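Here's the structure we're looking at; comments come further down.
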Amino acid sequence: MIQCNGVALRDVKFKKFRVQNDIFYDNICSLDIEVSTGFYNGKNIIAFDKEKPSDTWKELEPHSLLYLWNICIDGYLFSGRALQDLFDFLEGLNDLLEGTFFIYVHNLSYEFQFLRNILDDITVFARKRRKPMKFNWKNLEFRCSYMLTRLSLDTWAREKNLPIKKLTGLYDYHTLRTPLTKLTTLERDYGYNDVLVVVCGLQEYLERYKHIKDIPLTQTSCIRKEVNKVMKDDYKSRKKVAAMTNVSLEAYRFMIDCFMGGYTHANILLSNRVIENVWDFDISSSYPWAMVSEKFPCSPWVKVTGSFERFLYNDKYCCMLECTLEGVESIFFNTYISGSKCAIVENGLYDNGRLIKADKIKMRVLDVDFDIIKRSYYIEKITINELYYALTDYLPSALRKYLLQLFVHKTSLKGIIEKYTLYFKSKEELNGCYGMAVTKDMTDEILYINGEWDKDELTELKYYEKVEDKVKRLYKLNMSYSQGIYVPAYGRKNLWSMVYSMDDLIAYMDTDSLKVVPPHDIVLSIIDKYNTGIHTKQKQLSEDLEVPYEYFNPLDTKGKTHSIGIYERDDDIIKFKTLGAKRYICQYDELKGVDYLKMTVSGVQKKAVYQLSSIEDFEDGLVFTIENSNKLLLLYNDNQQSVTWNKGQYDEWTCYDKYSIAAYNIPYEMGVSPLYLKQVRQAHKDITKLFERKKNEK
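Offset between the sequence shown (1-based) and our numbering: plus 3.
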């Protein structure tokens, strides 16, 4: 073990404090490991070679070996080379403690797989298999700092303007290193900076929450704490949330089936072609606006046993329903129903995962989505199989005012470099209030017993025990899951409202944004009309909530007005091309310099666009190189065989670790479904069989 600062572990000043009979420590501590990945060819471990075909590595046995670990405690660095050294350090640290000491690991699920080799008798808390949020071993509690921030180390350091930055771009991860390999200063600094970034970044959280033990486990929990403060005196609203939480397991599962996220889709008419002069619009703070302006369930869900109509078409109620639709055919070129959300689809024709038409489908939806579907599809027969209703009302005034205050605060800080941390916090809280409402905490329980992952399935009895426990903690209840699932539904409604008026002109939509083609005078007329309606609603809400109208339309530091809920025009796009959902490229004014091309491809880093010489290069079959794709393949190994690394060399090392993760970069080929491309080509023709009803209506 190396004493990087000339300080031995016993010389660290431990910041102990007591809460009743329990002892905790407020030292900020971070752990990080560095690992080599190699491939066993039957004789030796060989290094990954990016020049060889990807299939080469599928035929070989992946192995990995920890060769360096770093721990930072309040700025003091400690380092070692082997797992056994790390165990000795952790055991030595534990022996100096009288209570709980917290160690943060950025992406704990990765380090945990290696720590399994040395730590026994641990208690794990996880929501998903292999994804521990924290675990305890003796006096040590390991927590995941990524779950807390939802930021990479590089982004955390840059966006929070930390004094330490992650070193990027110079490290060769493919070199075979062992605990005996001599490391350069650069190689050591990589590890040091990783733990220093976490320690520096956590200082803000320690100042905010006073004690490390009180820092929430997740970003969503941080936001929930802030909302709890706002709602602490609203006992009436908390009682309503408790009642909405105490619903049957059947109703809870119905809610889960009805939940959908943001709408993302490309217009099949305009897909796979370069389009010029595209305008880009965003709904300003779409989800917060929905939470401020719309009505939500405010009572427990009740299953209807008689007639459905008086509930489904009544503004007093919210409804979720299971319906069977027969003879379904899209009226618009932008298609709405996601095939993956349907329990049954007979003879379905799809547009990049969304239904163009089908003989029969069965699905569970909210009334908001049901209304969109009825307006967007010709349907020969509608049968409602089941329906739940709840009374509606606005969210509590205190919560809505808080959201508006966050919007005003975020806007006032926009563009001020020295206040970026405060701006980021306001933005984080504003956008995260929705997330706290859709966290599913009544689920199967993930277990880690005797070194093995298992699952304790959610039975009816366990569900009601969880509900009872949750309802008892009234002080933590501010929004229910049934309210949360309506937030993106209203977001979809506001986004989709544009389709009814300008379907043919919308090239692409994503959650809160749309990209449109000429004639732009028609587009502006439609959007201006929509925005006028939003401003009218803002004025009414300002009176109802007794807040200034300016709260809905605050000014930034440059005197520019930002209005919550309206469509704002972003930078114009000179050329645009999409190949389906989450696959598009924009060409902007070349005065932007190297950033005149911007690309979004799910799973590929933004800077991969620099591989392209023009927008025309963005096409089916495009392969992003290993350097540009930044796509990392993780291979978990729970039974790694012992093998010797770097045989015959000075740093030869035999690895006996059972648990490991092999990680290596792979290229990314942008493959588009042949069926989708065929449909796109067919849709581009003057006469298309895909949308016969639309063609005939025209």
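In this text, a Cβ means the ideal position worked out from N, Cα and C, and glycines have one as well. For clarity, every value in this text was computed on a predicted model and none was experimentally measured.
(request) Find out if the Cβ-Cβ distance for the pair Leu-220, Met-150 is shorter than 8 Å. (result) Position 217 of the sequence shown, counted from the first residue, corresponds to residue 220. Position 147 of the sequence shown, counted from the first residue, corresponds to residue 150. Their beta carbons are under 8 Å apart, which means Leu-220 touches Met-150 by this criterion.
(message) If distances are taken between C-alpha atoms only, which option among Asn-631, Glu-37, Leu-678, Tyr-107 comes closest to Cys-203?
(response) To locate residue 203, count along the sequence shown from 1; it is residue 200. Nearest C-alpha to Cys-203 among Asn-631, Glu-37, Leu-678, Tyr-107: Tyr-107.
(request) Quick one: grab the DSSP three-state call for Asp-547. (result) Start at 1 with the first residue of the sequence shown, and residue 547 comes out as number 544. Looking at Asp-547 - three-state DSSP - the assignment turns out to be helix.
(message) Using 8 Å as the threshold, is the C-beta distance between Ile-167 and Leu-143 below it?
(response) On the sequence shown, residue 167 is found 164 positions in, with the first residue counted as 1. On the sequence shown, residue 143 is found 140 positions in, with the first residue counted as 1. Contact flag unset, no.
(request) Rounded to whole angstroms, what's the CA-CA distance from Leu-170 to Leu-186? Just pull it up for me. (result) The residue labelled residue 170 in the question sits at position 167 within the sequence shown. The residue labelled residue 186 in the question sits at position 183 within the sequence shown. Cα atoms of Leu-170 and Leu-186: separation of roughly 16 Å, rounded to the nearest angstrom.
(message) the ligand MG and Asn-388: does the residue's C-beta get closer than 7 Å to at least one heavy atom of that ligand?
(response) What this structure holds is no ligand at all, so the ligand MG is not there to describe.
(request) Can you have a look at Ala-11 and say buried or exposed, based on whether 16 or more other CB atoms are within 10 angstroms of its CB? (result) As a working note, residue 11 is residue 8 in the sequence shown. With fewer than 16 other beta carbons inside 10 angstroms of its own, Ala-11 counts as exposed.
(request) Select from Ser-288, Tyr-255, Gly-487 the residue whose C-alpha is nearest the C-alpha of Leu-407. (result) Within the sequence shown, residue 407 is the residue found at index 404, counting from 1. The residue with the shortest Cα to Cα distance from Leu-407 is Ser-288.
(message) Checking 8 Å against the spacing of the C-beta atoms, do Ser-400 and Met-247 come in under that value?
(response) Taking the first residue of the sequence shown as position 1, residue 400 is located at position 397. Taking the first residue of the sequence shown as position 1, residue 247 is located at position 244. No, these two residues do not count as a Cβ contact at 8 Å.
(request) Would you identify the three-state DSSP class for Asp-35, choosing helix, strand or coil? (result) Translated into the one-based positions of the sequence shown, residue 35 becomes position 32. Asp-35 falls in the strand class under three-state DSSP.
(request) My understanding is that Met-294 touches Val-22, with C-beta atoms under 8 Å, so please give their C-beta distance in whole angstroms. (result) Counted from its first residue, the sequence shown places residue 294 at position 291. Counted from its first residue, the sequence shown places residue 22 at position 19. About 35 Å; that fails the 8 Å criterion.
(message) Can you tell me whether Leu-600 is buried or exposed? The criterion is at least 16 other CB atoms within 10 Å of its CB, across all chains shown.
(response) Taking the sequence shown and counting its residues from 1, the one referred to as residue 600 is at position 597. Leu-600 should be labelled buried.
(request) Put Met-505 into one of helix, strand or coil per three-state DSSP. (result) If you number the sequence shown from 1, residue 505 lands on position 502. Note: Met-505 maps to helix in three-state DSSP.
(request) Report the residue from Ile-669, Lys-479, Lys-496 whose alpha carbon sits nearest the alpha carbon of Asp-52. (result) Indexing the sequence shown from 1 puts residue 52 at position 49. Comparing alpha carbon positions, the residue from Ile-669, Lys-479, Lys-496 closest to Asp-52 is Ile-669.
(message) Short of 7 Å in beta carbon distance, which residues of its chain neighbour Asn-350, apart from the five on each side in sequence? Order them along the chain.
(response) As a first step, residue 350 must be located in the sequence shown, where it is residue number 347. Once the five neighbours on either side are set aside, the close Cβ partners of Asn-350 are Ala-361, Asp-362.
(message) If the criterion is Cβ atoms closer than 8 Å, does the pair Ile-576 and Ile-618 meet it?
(response) As a first step, residue 576 must be located in the sequence shown, where it is residue number 573. As a first step, residue 618 must be located in the sequence shown, where it is residue number 615. Not closer than 8 Å, so no.
(message) Using DSSP's beta-bridge definition, name the partner residues of Gly-41.
(response) Within the sequence shown, numbered from 1, the residue matching residue 41 stands at position 38. In the DSSP output, where bridge partners are listed per residue, Gly-41 has Ala-50, His-66.
(request) Would you check if there are 3 or more beta carbon pairs closer than 8 Å linking the stretch 241-259 to the stretch 327-337? (result) Judged by Cβ distances under 8 Å, the stretch 241-259 makes no contact with the stretch 327-337, as fewer than three pairs qualify.
(message) By alpha-carbon positions, which one of Lys-131, Thr-103, Phe-138, Phe-104 ends up nearest to Glu-114?
(response) Working through the sequence shown from its first residue, we reach residue 114 at position 111. Of Lys-131, Thr-103, Phe-138, Phe-104, the residue nearest in Cα terms is Phe-138.
(request) Less than 8 Å between the CB atoms is what I'm expecting for Leu-409 and Leu-433, so what's the real figure, rounded? (result) For the purposes of this step, residue 409 is identified with residue 406 of the sequence shown, where counting begins at 1. For the purposes of this step, residue 433 is identified with residue 430 of the sequence shown, where counting begins at 1. Yes, Leu-409 and Leu-433 are in contact; Cβ-Cβ is about 4 Å, under 8 Å.
(message) I need the boundaries of the alpha helix (DSSP H) containing Cys-261, first residue and last residue.
(response) Here residue 261 corresponds to residue number 258 of the sequence shown, with the count starting at 1. Per DSSP, Cys-261 is one residue of the alpha helix (DSSP H) stretching across 252-261.
(message) Checking the sheet assignment: what are the DSSP bridge partners for Lys-360?
(response) Locating residue 360 in the sequence shown gives position 357, where the first residue counts as 1. According to DSSP, Lys-360 bridges with Glu-332, Leu-352.
(request) Taking Ile-278 and Val-520 to be in contact with their CB atoms under 8 Å, please state how far apart those CB atoms are, rounded to whole angstroms. (result) By one-based count along the sequence shown, residue 278 stands at place 275. By one-based count along the sequence shown, residue 520 stands at place 517. A Cβ-Cβ separation of about 6 Å places Ile-278 in contact with Val-520 under the 8 Å criterion.
(request) Determine the closest residue to Thr-414 out of Ile-375, His-565, Gln-541, Arg-357, with distance taken between C-alpha atoms. (result) Stepping through the sequence shown from its first residue, residue 414 is reached at position 411. Considering only alpha carbons, the answer is His-565.
(request) Within the stretch 184-237, note down every full alpha helix (DSSP H) run reaching 4 residues or more, in order along the chain. (result) Runs of the alpha helix (DSSP H) inside the stretch 184-237: 188-212, 222-234.
(message) Quick check: what's the CA-CA separation for Asp-459 versus Gly-674?
(response) As a position in the sequence shown, residue 459 is number 456, starting the count at 1. As a position in the sequence shown, residue 674 is number 671, starting the count at 1. Distance between the alpha carbons of Asp-459 and Gly-674 is about 38 Å.
(request) Leaving aside the five residues before and after Ile-5 along the sequence, list all residues of the same chain whose C-beta is less than 6 Å from its C-beta, in chain order. (result) For this step, residue 5 is matched to residue 2 along the sequence shown. Unreliable positioning characterises Ile-5 in this predicted model, as indicated by a pLDDT of 39, which lies under 50. A coordinate reading is not provided.
(request) May I ask you to report which of helix, strand or coil DSSP gives Asn-280? (result) Position 277 of the sequence shown, counted from the first residue, corresponds to residue 280. Asn-280 sits in a strand when the DSSP states are folded into three classes.
(request) Note the first and the last residue of the continuous beta strand (DSSP E) segment covering Pro-300. (result) Here the question's residue 300 lines up with position 297 in the sequence shown. Note, Pro-300: beta strand (DSSP E), 298-300.
(request) Inspect the beta-carbon positions of Glu-463 and Leu-252 and report whether they are closer than 8 Å. (result) In the sequence shown, residue 463 corresponds to position 460, counting from 1. In the sequence shown, residue 252 corresponds to position 249, counting from 1. Yes, Cβ-Cβ distance for Glu-463 and Leu-252 is below 8 Å.
(request) Closer than 6 Å by C-beta to Val-626: which residues in its own chain qualify, once you throw out the five before and the five after it? Chain order, please. (result) The sequence position of residue 626 within the sequence shown is 623, counting from 1. Apart from the 5 residues on each side of it in sequence, Val-626 sits with its Cβ closer than 6 Å to the Cβ of Pro-670, Glu-672 in its chain, given in chain order.
(request) Could you pull the start and end residues of the alpha helix (DSSP H) that Thr-414 belongs to? (result) One-based indexing of the sequence shown puts residue 414 at position 411. Start and end: 400-416.
(request) Starting from Lys-134, trace the beta strand (DSSP E) both ways and give me its first and last residue. (result) Here residue 134 refers to the residue found at position 131 of the sequence shown. First-last of the beta strand (DSSP E) with Lys-134: 134-140.
(message) So the candidates are His-538, Tyr-266, Gln-644, Gly-606; which of them puts its Cα closest to the Cα of Ser-500?
(response) As a working mapping, residue 500 is identified with position 497 in the sequence shown. Selection His-538, Tyr-266, Gln-644, Gly-606 evaluated against Ser-500 yields Tyr-266 as nearest (Cα-Cα).
(message) As a quick exercise: from Thr-535, Ile-449, Asn-249, Leu-205, pick the residue whose alpha carbon is nearest that of Glu-471.
(response) Your numbering for residue 471 matches position 468 in the sequence shown. The option with the nearest alpha carbon to Glu-471 is Asn-249.
(message) Can you look up Thr-59 in the DSSP assignment and give me helix, strand or coil?
(response) Within the sequence shown, residue 59 is the residue found at index 56, counting from 1. Residue state, collapsed to three classes: helix.
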